[in-house]
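Undergrad:
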Amino acid sequence: MKKIAFASDHAGFDIKMFLIEMLITKGFEIKDFGTFTKESVDYPDYAHPLADAVEKKEYDYGVSLCGSGNGINMTVNKHQGIRSALCWNTEIAELARFHNDANICAIPARFVSKEIAFEILTTFLNTEFEGGRHINRIEKIPLNKLKR
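In my numbering, the protein residues as written are 361 to 508.
#1: Assuming Ile501 and Arg443 are in contact, meaning their beta carbons sit under 8 Å apart, how far apart are those beta carbons, in whole angstroms?
#2: Return the chain-ordered list of same chain residues with a C-beta closer than 6 Å to the C-beta of Asn437, the five sequence neighbours on each side being excluded.
#3: Using alpha carbons as the reference points, say which of Thr385, Phe388, Ile380 lies closest to Phe396.
#4: Name, in chain order, the residues that DSSP records as bridge partners for Asp392.
#5: Which one of Ala466, Glu499, Ala456, Ala462 has the shortest CA to CA distance from Phe366?
#6: Does the beta-carbon of Phe393 have 16 or more other beta-carbons within 10 angstroms, so that it is buried, or is it exposed?
#7: Are Leu425 and Ala469 touching if we call contact CB-CB under 9 Å?
#8: Who are the near neighbours of Gln440 in its chain, counting only those whose CB is closer than 7 Å to its CB and skipping five residues on each side?
#9: Please report the straight-line C-alpha distance between Ile498 and Asp461, rounded to a whole angstrom.
#10: Would DSSP call Ala445 helix, strand or coil?
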């Protein structure tokens, strides 16, 4: 079963907890890097540990949530081995995996319902990378030219 890591700020807390609960019932192994309350926090404090763990392949995929999804997405993408995609619908989530081999799904918690967030995440987790012509492109993303 896939191992999934989560991180959010206060704005993403409720949807994060819903997604974690849903994935646990489906047998996924989960790690929650926080936050653990609805009190205002700084998303980088949780995004960097998530990105480190996914980058080290301790988890198959990561899920990050903040109000717009942008700040936490920008933060995890500072890590050279991360390809995080801001996903606000299932089509974007599918393409992020299929064409970009995204390893973190960033969700804009203030702009999607928990049900839509679950559909987005389910699509993300169930879509395989197409490979082929996309491999060369994604290998050019990191500044230090990491090999897959």
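Note that the Cβ used here is the ideal one computed from N, Cα and C, for glycine as well.
TA: In short, the structure shows the following:
#1: In the sequence shown, counting from the first residue as 1, residue 501 sits at position 141. In the sequence shown, counting from the first residue as 1, residue 443 sits at position 83. At roughly 6 Å, the Cβ-Cβ gap stays under 8 Å, so Ile501 and Arg443 are in contact.
#2: Start at 1 with the first residue of the sequence shown, and residue 437 comes out as number 77. Contacts found: Ser444.
#3: In the sequence shown, the residue the question calls residue 396 occupies position 36. The shortest Cα separation from Phe396 among Thr385, Phe388, Ile380 belongs to Ile380.
#4: As a position in the sequence shown, residue 392 is number 32, starting the count at 1. In the DSSP output, where bridge partners are listed per residue, Asp392 has Phe366.
#5: By one-based count along the sequence shown, residue 366 stands at place 6. Comparing Cα positions, the closest option is Ala466.
#6: Residue numbering aside, residue 393 sits at position 33 when the sequence shown is read from its first letter. Looking at its Cβ environment, which holds 16 or more other Cβ atoms inside 10 Å, Phe393 is buried.
#7: Here residue 425 corresponds to residue number 65 of the sequence shown, with the count starting at 1. Here residue 469 corresponds to residue number 109 of the sequence shown, with the count starting at 1. Contact check for Leu425 against Ala469 passes: the beta carbons are separated by less than 9 Å.
#8: Here residue 440 refers to the residue found at position 80 when the sequence shown is read from its first residue. Excluding residues within five positions, the ones whose Cβ falls inside 7 Å are Pro502, Leu503, Asn504, Leu506.
#9: By 1-based counting over the sequence shown, the position of residue 498 is 138. By 1-based counting over the sequence shown, the position of residue 461 is 101. So the alpha carbons of these two residues sit roughly 8 Å apart.
#10: Residue 445 sits at position 85 when you count from the first residue of the sequence shown. The answer is strand: DSSP assigns Ala445 an E or B state.
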